[in-house]
Amino acid sequence: MDKKTLLALGLSFLVFLVWSVLFGPKPTEKSTEKQSIPKKEQSQPVLEGRLLPPPGPKRDFMLETGRNTRDITVETDLYIAKFSGSGPLIKSFKLKKYRSTLEKDSPLKELIHVKNKNGHGFNLGFSGKNIPNINWATYKVNRKEITIRPGGQPKELIYDRVSPEGIEIQTRFIFYPDSYKIDLSVDVNNKSEYQIDDNLSLNIVHLPQKTKKRYGAFEGMALLLENKLKEIKVGKLKDKQFFGQISWVAREEPYFLAAIVDEKSRKSTVKSSILPDDEIKISYITPSLNLRQGQNTTENFTLYLGPMDLYILKALNKKLEKAINFGWFDIIAKPLLVTLRFFNKYLFNYGLSIILLTIIIKILFWPLTHKSYKSMKEMRKLQPMMAKIREKYKGNKQEMQKQLMGLYKTYKINPMGGCLPMIVQIPVFFAFYRILPNSIELRHAPFFLWIKDLSAPDRLFSFPFQIPFMAPPYGIPVLTLIMGASMFLQQKMTPTTGDPAQAKMMMLLPIVFTFLFINFPSGLVLYWLVNNILSIAQQYRINKQVG
7 MDKKTLLALG
17 LSFLVFLVWS
27 VLFGPKPTEK
37 STEKQSIPKK
47 EQSQPVLEGR
57 LLPPPGPKRD
67 FMLETGRNTR
77 DITVETDLYI
87 AKFSGSGPLI
97 KSFKLKKYRS
107 TLEKDSPLKE
117 LIHVKNKNGH
127 GFNLGFSGKN
137 IPNINWATYK
147 VNRKEITIRP
157 GGQPKELIYD
167 RVSPEGIEIQ
177 TRFIFYPDSY
187 KIDLSVDVNN
197 KSEYQIDDNL
207 SLNIVHLPQK
217 TKKRYGAFEG
227 MALLLENKLK
237 EIKVGKLKDK
247 QFFGQISWVA
257 REEPYFLAAI
267 VDEKSRKSTV
277 KSSILPDDEI
287 KISYITPSLN
297 LRQGQNTTEN
307 FTLYLGPMDL
317 YILKALNKKL
327 EKAINFGWFD
337 IIAKPLLVTL
347 RFFNKYLFNY
357 GLSIILLTII
367 IKILFWPLTH
377 KSYKSMKEMR
387 KLQPMMAKIR
397 EKYKGNKQEM
407 QKQLMGLYKT
417 YKINPMGGCL
427 PMIVQIPVFF
437 AFYRILPNSI
447 ELRHAPFFLW
457 IKDLSAPDRL
467 FSFPFQIPFM
477 APPYGIPVLT
487 LIMGASMFLQ
497 QKMTPTTGDP
507 AQAKMMMLLP
517 IVFTFLFINF
527 PSGLVLYWLV
537 NNILSIAQQY
547 RINKQVG
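Structure, rendered in C-alpha cells:
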C-alpha cells in the first residue's frame with residue numbers, strides 16, 4: 007500500500023470517527039411511535055355490572071396518597087430505599103456500592119429521588135376511568151422498616167387498602183438479599199357492585215442530569231418492543247407513545263438502569279412526557295382490568311434498580327441485558343468486555359487488562375500487519391520505477407495502470423496489502439469507544455498515578471480556567487500528548503512516497519488525532535497508545551530486516 011492509499015485510509019478513518027462522535031447511529035422510531043391504540047384495545051367489550059356515572063375531569067395516573075405518615079426504610083447489602091408510608095411510592099433509592107463522583111465524600115448514587123413533598127419518584131396508580139375514588143383510600147402497611155442481611159431471607163412490604171366503593175387492593179413488594187431485583191404484585195378484588203374498567207399504571211419520574219454527557223453515553227428511555235430494543239434520548243421524550251408486545255421499559259442513564267418488567271409480556275402501552283418542572287415521566291400502562299363484581303386479578307411485575315452489569319442482567323432472565331447496547335459494534339464489544347473482566351480477575355486493574363488485551367489483539371494480527379508493513383517497505387523501493395511509468399504514460403491512464411500492475415506482479419507486491427490491517431483495527435477501536443462510557447465495570451476504574459477513572463478523560467492537575475477544545479475538568483492531558491507523540495514517531499518511521507504535500511498531510515494527522523482524543527476516555531487513549539508502541543516496534547523490526 008503506497009503512501010497515498012495510506013493517507014486516504016487515514017482520512018477516511020478520521021472522517022468516520024468524527025461522524026460517529028457528532029452524530030452516531032440514531033435509534034429508529036418506526037411505526038409503533040405515537041401510534042394510537044387500536045379501537046379493539048380502546049373499546050373493551052361491555053361486561054355485566056353497574057357502571058358509576060362518568061367522572062369529572064380526567065385524572066393523571068400519578069398516585070394520590072391519603073394522609074402523610076412516616077417513611078419506611080428498606081435496607082439490603084446493595085441499596086437503601088425509602089418508601090412512603092402513605093402509599094406504594096419509592097421516594098429514594100440509593101446504591102451502596104456506587105458513589106456519584108470520585109470524591110471520597112461523594113454521596114451514594116441515587117437512582118430515584120423525590121425532590122419535594124409533592125414529588126412522585128416511582129409510583130403506581132389507576133386511571134380512575136369509572137371509579138374516581140380508587141386512588142384515594144387510606145393504606146395499611148405491614149412494616150415500619152425492613153433490613154435484610156447478606157444471605158438472609160426475602161422480606162415483604164405490603165400496602166392494603168379498600169376504596170370507598172369496596173374495592174380491595176393489595177400492593178406487595180418483595181426484597182431479596184444480594185439482588186437489585188424487587189418483585190411487585192398488585193391484587194385487585196372487586197367487592198363493589200360496579201364494573202372496573204381501569205388501567206394500572208406504573209410510573210418512573212426523574213429529573214435528568216444537567217452535566218455534560220460523555221462521548222458515546224446514553225440517557226433517556228429504553229424499551230423492548232416486539233423483542234426489539236428502542237432508545238429515545240431525553241431531549242426527544244416529550245409526548246411519546248408506544249403500543250405493542252412490551253417486555254420491559256426503563257429509564258436509562260450512563261451505567262445505571264431503573265426498569266419495569268411485565269411478567270405477562272403482553273400488548274400494553276408506554277408513554278413518556280415532560281412535566282412542568284422538567285422532570286421526565288415514563289409510564290407503563292396495562293390493558294383494562296375488566297373486572298365484574300366478585301372478580302379479582304393479580305398483576306405481577308419485576309423492578310430492577312441497579313447497575314447495567316451484563317452478568318447481573320443476564321442472570322435475571324428478563325431480557326434486560328438487551329439494554330446494554332454497543333450499537334453497530336455490539337458483536338465485537340461484548341466479547342472484548344467479557345475478556346477484560348476475565349483479565350481483571352487476575353490483574354485487579356482494568357488499565358493493565360486493556361494493555362494485555364491490546365497486546366493479544368496485536369499478536370493475533372501480527373502476521374497480517376507484518377506482511378502489510380513489509381509490502382509498504384518494498385513499495386518504497388519501487389518508487390523510482392513507478393515515477394518513470396507515470397511520467398511516460400501520463401497521457402494514457404489506462405496504459406499507466408496496466409504497466410503499474412505489471413510492475414507489482416513482477417516484484418510480487420500487492421499494492422493494497424496494507425489496507426486490511428487498518429480496516430481490522432477500526433472495528434476494535436470503535437468497540438472500545440462504545441465500551442468505556444457504557445460499561446459499569448470501567449466506571450471510576452483507576453489505572454496508575456493521575457489516572458483515577460479510565461472512563462473519563464485523563465487530566466493532570468485541575469485548572470480553574472477553561473481551555474479551548476477541552477471539556478471539563480480542565481488540566482494537562484498527559485496520556486493524550488504521549489499518544490500524539492507516539493503517532494508522530496510512527497509516521498516518521500513509515501515509508502514515504504517522496505511527495506512533499508502528502509508528507510505534510512501525514513505529519514498533520516498526529517496533531518489532529520491529539521486534539522480529537524483530548525476529551526476521549528483515558529482507557530481508549532491507553533489502548534491507542536499501546537497499539538502505537540507495538541506498531542513502532544514492529545515497524546522497526548521490519549526496517550532492520552528489509553533495509
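Start counting the sequence shown at 7; every next residue gets the next number (our numbering). C-beta: ideal position from N, C-alpha, C; glycine also. Remember, predicted model here, so these are calculated numbers, not experimental data.
Can you name the start and end residues of the beta strand (DSSP E) that residue i belongs to?
i	result
threonine 345	Where threonine 345 is concerned, there is no enclosing beta strand (DSSP E), although the alpha helix (DSSP H) it sits in stretches over 336-353.
serine 207	206-212
leucine 231	226-231
glutamine 496	Element bounds for glutamine 496: not the beta strand (DSSP E) but the alpha helix (DSSP H), 484-499.
leucine 101	95-105
leucine 190	187-196
lysine 394	No beta strand (DSSP E) holds lysine 394; the alpha helix (DSSP H) holding it covers 389-398.
lysine 246	246-259
lysine 234	234-239
asparagine 129	128-132
Here's the rule: buried if 16 or more other CB atoms are within 10 angstroms of the residue's CB, otherwise exposed. What is residue i?
i	result
aspartate 111	exposed
lysine 150	exposed
glycine 62	A caution first: glycine 62 carries a pLDDT of 40, below 50, which makes its placement in the model unreliable, though a value can still be read off. Answer is exposed; the Cβ neighbour count stays below 16.
arginine 167	buried
arginine 6	Given a span of 7 to 553 for the chain in the structure shown, any question on residue 6 remains unanswerable.
valine 211	buried
tryptophan 25	No answer about tryptophan 25 holds up, because its pLDDT of 46 lies below 50 and its placement is not dependable.
serine 253	buried
serine 106	exposed
valine 192	buried
tyrosine 165	buried
alanine 329	buried
leucine 455	exposed
arginine 465	buried
isoleucine 238	buried
lysine 403	exposed
Find the nearest neighbour of residue i within the set the options, judged by alpha-carbon distance.
i	options	result
glutamine 497	Asn402, Val531, Leu514 and Phe526	Leu514
serine 468	Ile457, Ser461, Tyr480 and Ala223	Tyr480
glutamine 176	Ser185, Asn195, Ile188 and Pro183	Asn195
isoleucine 441	Trp456, Leu388 and Phe526	Phe526
glutamate 199	Thr107, Gly300, Leu243 and Tyr145	Gly300
proline 214	Leu495, Leu117, Asp204 and Arg178	Leu117
histidine 568	Tyr145, Lys325, Gln551 and Thr153	What is shown of the chain runs 7 to 553, which leaves residue 568 out entirely.
serine 528	Leu362, Gly357, Pro463 and Arg155	Pro463
alanine 265	Lys239, Met227 and Asp245	Met227
glutamine 389	Leu413, Leu311, Ile288 and Glu327	Leu413
isoleucine 366	Phe354, Phe349, Met382 and Ser381	Phe349
isoleucine 78	Glu109, Asn148 and Lys121	Asn148
methionine 489	Phe475, Met476, Met314 and Phe523	Phe523
proline 313	Ser445, Gln201 and Leu370	Ser445
proline 516	Leu532, Leu487 and Pro483	Leu487
isoleucine 286	Leu243, Asn323, Thr308 and Met392	Leu243
serine 381	Phe354, Ile419, Lys415 and Leu370	Ile419
Residue i lies in the alpha helix (DSSP H); which residues open and close that run?
i	result
glutamine 409	403-416
tyrosine 145	No alpha helix (DSSP H) holds tyrosine 145; DSSP gives it neither H nor E.
tyrosine 356	356-370
isoleucine 154	Neither: isoleucine 154 is in no alpha helix (DSSP H) and is coded neither H nor E.
isoleucine 318	316-322
Do the CB positions of residue i and residue j come within less than 8 Å of each other?
i	j	result
glutamine 409	isoleucine 395	yes
isoleucine 180	isoleucine 188	yes
leucine 114	lysine 100	yes
leucine 311	tyrosine 439	no
arginine 257	isoleucine 288	yes
leucine 297	valine 255	no
lysine 458	leucine 108	yes
phenylalanine 248	valine 267	no
asparagine 209	histidine 119	no
Next item on the list: Specify whether the segment 254-266 and the segment 155-168 touch according to this definition: at least 3 beta carbon pairs, one from each stretch, less than 8 Å apart.
Entry: Output reads no: the segment 155-168 does not touch the segment 254-266.
Next item on the list: Inspect the CB distances between the segment 269-277 and the segment 288-305 and report whether three or more fall short of 8 Å.
Entry: As far as the Cβ criterion goes, the segment 269-277 touches the segment 288-305, which means the pair count is three or higher.
Margin query: Would the segment 330-343 count as touching the segment 433-441 if we require 3 or more Cβ pairs under 8 Å?
Written below: Three or more beta-carbon pairs drawn from the segment 330-343 and the segment 433-441 are found closer than 8 Å, and the two stretches are therefore classed as touching.
Item checked: Contact the segment 93-101 vs the segment 126-135: 3+ CB pairs below 8 Å -> Cβ pair count under 8 Å is three or more, so yes.
Check: Any contact of the segment 353-367 with the segment 530-542, i.e. 3+ C-beta pairs under 8 Å?
Finding: Contact check between the segment 353-367 and the segment 530-542: three or more CB pairs, one atom from each, fall below 8 Å, which counts as touching.
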